[in-house]
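Undergrad: Mapping of the sequence shown onto the working numbering: position 91 corresponds to residue 91, and the numbering continues sequentially without gaps. Cβ atoms here follow ideal geometry from the backbone N, Cα and C, with glycine treated the same way.
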Amino acid sequence: MADHAQDRRAGDERRIRLLSVDGPRAELALSEEVTGAVAAQIEEVLLDPALRDVSEWVFDLSRVRQLDAICAYALVRPVTAAAPPAAVHIRGASRQARRALHRTGAEHLLTFED
1 MADHAQDRRA
11 GDERRIRLLS
21 VDGPRAELAL
31 SEEVTGAVAA
41 QIEEVLLDPA
51 LRDVSEWVFD
61 LSRVRQLDAI
71 CAYALVRPVT
81 AAAPPAAVHI
91 RGASRQARRA
101 LHRTGAEHLL
111 TFED
């Protein structure tokens, strides 16, 4: 699996971190302002061929200050496109992040945890 923490510009390397992969379950943490160009980095991580067998994702958003619609779509698009769709647990999302995720239309596939 590619090391997604490497080759990032200063400030970006801590916004997206693949915390663990344990068989079919993986945990991704995002932090700070998750906006704009970060969407491509999110999709790069989620579409890594080494993670194609992941069927359950945990997205830790407890340290996200801002999540824009583009990045919300980037989070849900790869995991909902899987057949069958992956289970997605959203941990620690602020009200603003929940609204952004709701706008994707995939909220029915997401489980929100505090």
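Verify the CB distance criterion: does residue 109 have a CB-CB separation below 7 Å to chain D?
TA: Among the chains of the structure shown, chain D does not appear; only one protein chain is present.
Undergrad: With residue 90 and residue 111 assumed to form a contact (beta carbons below 8 Å), what rounded beta-carbon distance in angstroms separates them?
TA: Locating residue 90 in the sequence shown gives position 90, where the first residue counts as 1. Locating residue 111 in the sequence shown gives position 111, where the first residue counts as 1. 7 Å between Cβ atoms; contact.
Undergrad: Let's see if you can read the secondary structure: which residues bound the beta strand (DSSP E) around residue 87?
TA: By 1-based counting over the sequence shown, the position of residue 87 is 87. 87 to 91 is the span of the beta strand (DSSP E), which, as asked, contains residue 87.
Undergrad: Buried or exposed: which applies to residue 97, given that a residue is buried once 16 or more other Cβ atoms fall within 10 Å of its Cβ?
TA: On the sequence shown, residue 97 is found 97 positions in, with the first residue counted as 1. Buried, because 16 or more other Cβ atoms sit within 10 Å of the Cβ of residue 97.
Undergrad: Which residues bound the beta strand (DSSP E) around residue 44?
TA: Counting from one through the sequence shown, the residue named residue 44 turns up at place 44. That residue, residue 44, is in no beta strand (DSSP E); its alpha helix (DSSP H) goes 38 to 46.
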